[in-house]
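Number 379 in the numbering used here belongs to position 371 of the sequence shown; there are no gaps in the numbering.
Cβ atoms here follow ideal geometry from the backbone N, Cα and C, with glycine treated the same way.
Working notes for the structure below.
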Amino acid sequence: MVDESSRVSRVLFGRRGGGGAAAEAEAVLVEEKEGWWRRRWWERMEAEEEEGDCGVDWCGGLLFSHELVVLFSASIRTFHPPQEFWDFQLVDVVDAGNSEQMAWKSQITSWSHVLQATGFGSSCLGRKSKPEPKDLWQEPLDPAVSWTPCANQRSWETCEGNNGYILVSATGGINQQRVAICNAVAVARLLNSTLVIPHFSYNSVWKDKSQFSDIYQAEHFIDYLKADIRIVKELPVELRSLDLEAIGSLVTDDEVMKESKPSFYLKKILPILIKNSVVHFVGFGNRLAFDPIPFELQRLRCRCNFHALRFVDKIQETGALLVQRMRKHRSHSAPLEQNLLGAFAGKPDMTGLKNLPSKYLAVHLRFEIDMAAYSMCYFGGGKDEIEELEAYRAAHFPALTLLRKTKKIPSAAFLRSEGQCPLTPEEAVLMLAALGFKRRTNIYVAGAQIYGGKSRMAAMTSLYPNLVTKETLLSSSEIEPFRNFSSQLAALDFIACAAADAFAMTDSGSQLSSLVSGYRMYYGDGRLPTIRPNKRRLASIFSKNSTIEWKEFERRVRKAIRQTKQVFERPIARSVYRHPRCPECMCKINDTIALLS
9 MVDESSRVSR
19 VLFGRRGGGG
29 AAAEAEAVLV
39 EEKEGWWRRR
49 WWERMEAEEE
59 EGDCGVDWCG
69 GLLFSHELVV
79 LFSASIRTFH
89 PPQEFWDFQL
99 VDVVDAGNSE
109 QMAWKSQITS
119 WSHVLQATGF
129 GSSCLGRKSK
139 PEPKDLWQEP
149 LDPAVSWTPC
159 ANQRSWETCE
169 GNNGYILVSA
179 TGGINQQRVA
189 ICNAVAVARL
199 LNSTLVIPHF
209 SYNSVWKDKS
219 QFSDIYQAEH
229 FIDYLKADIR
239 IVKELPVELR
249 SLDLEAIGSL
259 VTDDEVMKES
269 KPSFYLKKIL
279 PILIKNSVVH
289 FVGFGNRLAF
299 DPIPFELQRL
309 RCRCNFHALR
319 FVDKIQETGA
329 LLVQRMRKHR
339 SHSAPLEQNL
349 LGAFAGKPDM
359 TGLKNLPSKY
369 LAVHLRFEID
379 MAAYSMCYFG
389 GGKDEIEELE
399 AYRAAHFPAL
409 TLLRKTKKIP
419 SAAFLRSEGQ
429 CPLTPEEAVL
439 MLAALGFKRR
449 TNIYVAGAQI
459 YGGKSRMAAM
469 TSLYPNLVTK
479 ETLLSSSEIE
489 PFRNFSSQLA
499 ALDFIACAAA
509 DAFAMTDSGS
519 QLSSLVSGYR
529 MYYGDGRLPT
539 IRPNKRRLAS
549 IFSKNSTIEW
559 KEFERRVRKA
569 IRQTKQVFER
579 PIARSVYRHP
589 RCPECMCKIN
599 DTIALLS
């Protein structure tokens, strides 16, 4: 019979025993046992913390083996760097019904080590728990200036739209499509044309057939922008039968340079529009520049994004459930929630989880397989990971596969050092702990299926037991209408993240994170902080130390985050959707004037 402590050590430290079906069955058993020990550990810690005392007996008794006791004690003062957290190996492949899933385990670091390194278990060793940093839930502000939303203000006449019709088939996920919609609105106004409600192209990654009216309120969109442009739901009958490609009215992304200036549309697209009465843009991903753009046209883009696009009732109602349950059903009637949730804002809900604290952190954990594959980074999964991600790239990102075959590309290590790799869940949890978020912090995690599965999330769920997702907050009947509609599920994440007291992203290049942070900046009145990691600096902190004191690790991480947490006026050529703090979208108000008014 296999000794229990050696079983646990094998799983926690990635040590291999025998192979075959027996070993696989044993791996499943050990996983279940480990989960049981972990639950018991947290239950006892909760109970002892409530009493204000942590007994030495159980603190030592529940550690799984002598090796873990040594490791737990050794990590009181010294935090071993995240190279160890990155250094994973595939220790078992577990058959779960006809599917295989990776069981990721650290070669060196146990969860007890992580707990002790972050100070979460400090009460067991006679150390007092430090209070949260005062600025943890605050946005750094310029005391002399405040900003207020004003993209709803207009100073131009209505566009007749008599130069023809603009069709757009927007690609990508819901957030890429949102940007395409608002850019299309601006182009339609620029060309004095009529916009047809955009069509959403089916995407092999997102696999969602939802159209505009399944996600956004079409009537509100048309009505809110009627003073800016003319919008219709479909082409006139006489234009529907035209072969747009044959007459030269089909324009793809290959023909429109990324972030093209208004002059391109006036010189190249307007003549086609006047000649054929219709132009169809296929793709339209980021095909309009942010500078130089006329002031009112830029404001129109902001008006579209922050005012005209409202989620349909089904999404608003379910999004309200998420926010209410995260806030312990307390009303929070802020302008942001009123715009996000409409009639459902602040509506009490007396069902579901009743004991959650009202303040919560939302984290967009952008670590799905598409992100892992697209980044071309390495995450420690060995040969299996390399082959799996390469196969995914070949199927969904063929241009990247071709690039790898024909060009010399940077190594995974170089990409990581340059901050080009998304933070793994292990790295994300280290960042949050270093910033000072306590174990009892209520956390909403946004995102689709995390690459690596539950075992990849084990560090985060162990350190933060009050971690929830839309799938755990909603009942099966409440989430059922959204199953198989990834864009609608992403809309729910958008709501929960935008309404959070603090929002943390793990990849600043994520479109959802960019739009959420911009939304919070626009409606947050300087009270909704967003944590934007500088991945290059974090990579340096994580990798360049053979050993590092946890106190020093905290200091470095907090300094790196503090520099990106500060919100400034929009830099030139940057997105107004992500950086709306600019005269085109918001109005600058002197604090003295604001107080007098």
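Where does residue i sit, in a helix, a strand or coil, going by DSSP?
i, result
"Trp155", "strand"
"Arg614", "There is simply no residue 614 to check, as the chain begins at 9 and stops at 605 in what is shown."
"Lys596", "strand"
"Tyr585", "coil"
"Tyr530", "helix"
"Thr572", "helix"
"Ala353", "coil"
"Ile282", "helix"
"Tyr399", "The displayed chain sequence assigns Ala, not Tyr, to residue 399. Here Ala399 sits in helix by DSSP."
"Ile580", "coil"
"Glu557", "strand"
"Ile539", "strand"
"Tyr382", "helix"
"Phe375", "coil"
"Phe319", "strand"
"Arg338", "coil"
"Asp392", "helix"
"Gly427", "coil"
"Ser160", "Here residue 160 is Asn; the residue named in the question, Ser, does not match the sequence. Coil at Asn160, not helix or strand."
Does the distance from the C-beta atom of residue i to that of residue j stay below 7 Å?
i, j, result
"Ala568", "Arg586", "no"
"Tyr609", "Phe405", "This structure cannot speak to residue 609, because the chain is shown only from 9 to 605."
"Leu250", "Leu258", "no"
"Ile539", "Ala512", "yes"
"Val287", "Ile301", "no"
"Ala316", "Phe229", "yes"
"Val320", "Arg295", "no"
"Pro141", "Gln574", "no"
"Arg606", "Cys190", "Limits of the chain in this structure are 9 at one end and 605 at the other, which puts residue 606 out of reach."
"Gly172", "Leu281", "yes"
"Ala454", "Glu376", "no"
"Phe289", "Val176", "yes"
"Cys595", "Cys158", "yes"
"Ile182", "Leu203", "no"
"Tyr452", "Ala370", "yes"
"Leu471", "Val437", "yes"
Using the C-alpha atoms, what's the distance from residue j back to residue i?
i, j, result
"Gly532", "Ala507", "9 Å"
"Glu592", "Asn160", "11 Å"
"Gln496", "Asp509", "23 Å"
"Ser551", "Arg333", "39 Å"
"Thr179", "Ala353", "31 Å"
"Ile239", "Lys138", "56 Å"
"Ala421", "Glu393", "16 Å"
"Glu304", "Ser163", "8 Å"
"Phe272", "Thr260", "14 Å"
"Leu440", "Leu431", "12 Å"
"Ile255", "Asn200", "21 Å"
"Thr409", "Gly389", "19 Å"
"Glu434", "Leu373", "11 Å"
"Thr166", "Arg311", "15 Å"
"Tyr210", "Leu144", "40 Å"
"Arg307", "Val193", "11 Å"
"Ile487", "Glu479", "7 Å"
"Ile549", "Gln428", "15 Å"
"Lys391", "Met468", "25 Å"
"Lys322", "Ser463", "33 Å"
"Pro588", "Leu523", "10 Å"
"Thr326", "Glu426", "39 Å"
"Ser366", "Thr555", "38 Å"
"Tyr400", "Ala342", "42 Å"
"Arg563", "Pro541", "14 Å"
"Lys446", "Trp214", "34 Å"
Please name the residue or residues paired with residue i in a DSSP beta bridge.
i, result
"Gly291", "Ala178"
"Phe298", "Paired residues: none, contrary to the question."
"Ile417", "In DSSP, Ile417 forms no bridge with anything."
"Leu369", "Ile451 and Ala510"
"Phe422", "None; Phe422 has no bridge partner."
"Tyr173", "Thr202 and Val286"
Tell me, please, whether the CB atom of residue i is closer than 7 Å to any CB atom in chain D?
i, result
"Gly291", "Of the protein chains in this structure there is only one, and it is not chain D."
Subject >> Whole beta strand (DSSP E) elements within the region 190-274, 3-residue minimum >> reply: Under the rule that a run must span 3 or more residues, the beta strand (DSSP E) segments found entirely inside the region 190-274 read 202-204, 238-240 and 258-260.
Original post:
Which ranges would you report for the alpha helix (DSSP H) in the region 463-520 if only whole runs of at least 4 residues count?
Top reply: If we require 4 residues or more, the alpha helix (DSSP H) runs fully inside the region 463-520 come out as 466-471, 478-481, 484-487 and 494-506.
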